[in-house]
Amino acid sequence: LLTLDVPELAADARTRADAAAQAQREAERQARLLSDGVTSKRQAEEAAAAAEQASSAAEAARALLARTRVRSPLSGRVQRVSVQQGERVDAGAPLAEIIDLDTLDLRVAVPANRLAGLHAGLPVLVTQEGDTVSRPARISAVAPGWTR
-10 LLTLDVPELA ADARTRADAA AQAQREAERQ ARLLSDGVTS KRQAEEAAAA
40 AEQASSAAEA ARALLARTRV RSPLSGRVQR VSVQQGERVD AGAPLAEIID
90 LDTLDLRVAV PANRLAGLHA GLPVLVTQEG DTVSRPARIS AVAPGWTR
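Residue 137 is where the sequence shown ends in the numbering used here, and the numbering goes up by one at each step.
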């Protein structure tokens, strides 16, 4: 849907990924040295622990960066965008409005004498004003007494 521009998070994720790769190389080097009898078990374990910690920090930074990519929970069309490029937004503020193309809510006035035959779940045909094609639909609720 959209991506929030947070350069600090991208830079931090790159830095932590580089640090994790370096720590992993050092842990592998220490493991080889241990197998050759050149280093202590303690040094190899410390390098492995440092690599694990750096890897966890890199994963956390990647996860935080991924949260800057805003995706819609439904497929549909963008109805309205509430922000402009470069604008600062508050946490929780609506950024865009998406409409589900599979669902459309309509309020329809029905003559009182036909209201008794309507009920939730009843299949109906809906024709948009000015259109000649009817589309199948279902009544989800009937609200007698609703006025405009």
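Built from N, CA and C at the ideal position, the CB exists for glycine as well.
For S71 against L84, the beta-carbon gap comes to about 6 Å, under 8 Å, which counts as contact.
In its chain, beyond the 5 residues on either side, no residue has a beta carbon closer than 8 Å to the beta carbon of R56. Comparing alpha carbon positions, the residue from S61, L95, A33 and V131 closest to E17 is A33. According to the DSSP assignment, E17 belongs to the alpha helix (DSSP H) that extends over P(-4) to S24.
No Cβ-Cβ contact shorter than 8 Å links R96 with P112.
Each of T(-8), D94, R66 and V131 was checked against the Cα of R103, and the nearest Cα belongs to V131.
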